[in-house]
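FYI, the numbering used here numbers position 322 of the sequence shown as 322, with every residue one higher than the one before it.
The beta-carbon is built from N, C-alpha and C at its ideal position, and this holds for glycine as well.
Below you'll find the structure, written out as structure tokens, and then a few comments.
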Amino acid sequence: MDALTALGLSLEGQAFIVFCVGMLLLMGMGMNMALALVLTGAGMAYVLGFWDTQLLAQNLVAGVDSFPLLAVPFFILAGELMNSGGISRRIIDMAQAWVGHIRGGLGYVAIGAAVLMASMSGSALADTAALATILLPMMRDQGYPLRTSAGLIASGGIIAPIIPPSMPFVIYGVTTNTSISALFVSGIVPGLIMGAGLIVAWKWVLRRIDLPEGQPQPLALRLRATVHAVWALLMPVIIIGGMKTGVFTPTEAAVVAAFYALMVAVLIHREMTLTALGPVLVRAAKTTAVVMFLCAGAQVASYMITLADLPGVLTGWLGPLIEHPKLLMAVMMIVLVLIGTALDLTPTILIFAPVMLPIAVKAGIDPVYFGLMFVLNGAIGLITPPVGTVLNVVAGVGRLPLAQVIRGVNPFLLTYTLILATFVVFPQIVTAPVAWLR
1 MDALTALGLS LEGQAFIVFC VGMLLLMGMG MNMALALVLT GAGMAYVLGF
51 WDTQLLAQNL VAGVDSFPLL AVPFFILAGE LMNSGGISRR IIDMAQAWVG
101 HIRGGLGYVA IGAAVLMASM SGSALADTAA LATILLPMMR DQGYPLRTSA
151 GLIASGGIIA PIIPPSMPFV IYGVTTNTSI SALFVSGIVP GLIMGAGLIV
201 AWKWVLRRID LPEGQPQPLA LRLRATVHAV WALLMPVIII GGMKTGVFTP
251 TEAAVVAAFY ALMVAVLIHR EMTLTALGPV LVRAAKTTAV VMFLCAGAQV
301 ASYMITLADL PGVLTGWLGP LIEHPKLLMA VMMIVLVLIG TALDLTPTIL
351 IFAPVMLPIA VKAGIDPVYF GLMFVLNGAI GLITPPVGTV LNVVAGVGRL
401 PLAQVIRGVN PFLLTYTLIL ATFVVFPQIV TAPVAWLR
């Protein structure tokens, strides 16, 4: 600390250095992200003269003491129940029945299933794991290049944070005090555009791949697969329709989703017994613990960031751009792209959303639109190396080298980057549907 003082830095500047250097060092050492946030927050507290263990403990508790955050464990549980209870598999079977015979049809199946599953679970990792587990072996058996197939499945998985119900939207809404219902509505059209973009990219990739066409399934089999999937298809209708009509809040919608998935898995599909429910609850609890610990740790760092007035410092840096909202938005998106290469989506939201949103609002940028763009950018970071959490999931499930999956995802990553840039230039693509749907 004496060295920082000798450099003539203010207390706020010293805190900023402690935060940045501390996070880089701890992440480089492989430390748990939540613990790294707590330690860097504690270091900032010491520098700023606010060192108090009781204050740190209070912020840890405050980070998870939120009613809307109850949606997180229930959406996670709903995703686990979908995968274990046969709901996800029936969605994939239905998509395969309708488009599986087309040249490269399993790729279209992956895209269609990704969009449908995104409207149920809101978890990129859960959807990606389900898609990779079922579709990658089928693609391998039918001669699809595994590198490209894995890249497509990873890219489809990150539609889940955008189409409602979205767990990242819940975390963003709680962190920035933005309407979660409005954020959910904002993700519908962009999520569908992402799916359409993947279809175009897959068509372009298919030019260099020699794949045969199959025989269309009889209409009776297609209808049977659709009937088998009808309970799964009703799930997003109930969730989104219930929130739209005001029957329940986003938090209550998560409970409804988990209960509905449980009833369908146990009583209708009968692919899950009550004894098999134990491991599902354990997996959901473990994932929830990771997310909640991140929320707690981020609250400590966020509190100290506020005391150090780092948002004010950032506003000073970006001040000249406030009169040019689109340019400001472009700069912030570039910064978030760089951040996304090193940080996962949840810590990115928890650390940077409260800092960047006030600047965007000051420039006249709609807060719901900014929230959609923030989460979309962070979702793209899930398939951006070197961290790329979703890439690691696909590599693990498919037993593929990570470098191979990274090469396979490049065409789809470029597609998403172009979509993100389009939304920056034409924000009406996002804001107009939100105004109409609300």
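7 Å CB neighbourhood of residue i in its chain, flanking five on each side removed
i	result
G157	A114, A124, D127, T128, L131 and V390
I383	A154, S155, I158, V390, L391, V409 and L413
P427	Y369
W231	V264 and I268
A363	I322, P325 and L328
Y260	M235 and I238
For residue i, the nearest candidate out of the options (CA to CA)
i	options	result
A97	I153, A225 and L152	A225
I87	L234, V393 and L274	L234
C109	W317, Q215, L135 and A118	Per the sequence shown, the amino acid found at residue 109 is Val instead of Cys. Closest by alpha carbon: L135.
G241	M23, A330, V185 and R399	V185
I151	V394, H324, V290 and A432	Inspection of the sequence shows that residue 151 is occupied by Gly rather than by Ile. Per the Cα distances, V394.
E252	R407, H269, V170 and V21	V170
I102	I419, Q215 and G197	Q215
P137	A435, V397 and I268	V397
V424	F374, G143 and R399	F374
P311	A229, I351, T346 and I419	I351
V227	D93, R207, N377 and A435	D93
S179	G195, I199, D210 and T249	T249
Q404	L11, P385 and L24	P385
R399	R140, T287, W204 and P218	R140
C20	L372, L357, L343 and G187	L343
M304	N32, Q217, Q58 and V434	Q58
S84	A254, V99, T133 and A196	T133
G388	L314, A160, G191 and I406	I406
A435	G107, V189 and L198	V189
G100	P218, S302 and V355	P218
L81	V205, G107, L106 and M117	M117
L418	N32, L26 and L198	L198
G187	G122, T245 and T315	G122
E12	V313, P411 and M356	V313
R207	V255, A353, P411 and T315	P411
M243	W51, S166, L60 and V200	S166
P354	S302, L262 and T315	S302
Local Cβ density within 10 Å of residue i, reported as buried at 16 or more and exposed below that
i	result
R90	buried
I239	buried
W202	buried
I334	exposed
F67	exposed
Q299	buried
M29	exposed
T53	exposed
D366	buried
E439	With the chain running from 1 to 438 in the structure shown, residue 439 is simply not present.
I162	buried
T273	exposed
P236	buried
V247	exposed
T346	buried
S10	exposed
T176	buried
T306	exposed
T148	buried
E213	exposed
L281	exposed
T348	buried
L25	exposed
Contacting residues, own chain, Cβ-Cβ under 6 Å from residue i (five flanking each side not counted)
i	result
A15	M44, V47, L48 and A308
Y416	I380
L77	A258 and A284
A34	F293, L294 and G297
V64	M292, C295 and A296
V174	S66, P68 and L69
T288	P73 and I76
L437	V185
S119	I163 and P236
V266	M272
A95	V109, G112 and A113
Other residues of its chain near residue i: CB distance less than 8 Å, five sequence neighbours each side excluded
i	result
N377	M333, L336, V337, G340 and L420
L318	L328, V331, M332 and I359
L211	R103, G104, Q142, G143 and Y144
L56	V38, G41, A42, A45 and V300
L221	A97
P401	A395
Stretch-stretch touch, CB-based, cutoff 8 Å, three pairs: the segment 32-43 with the segment 64-76: no
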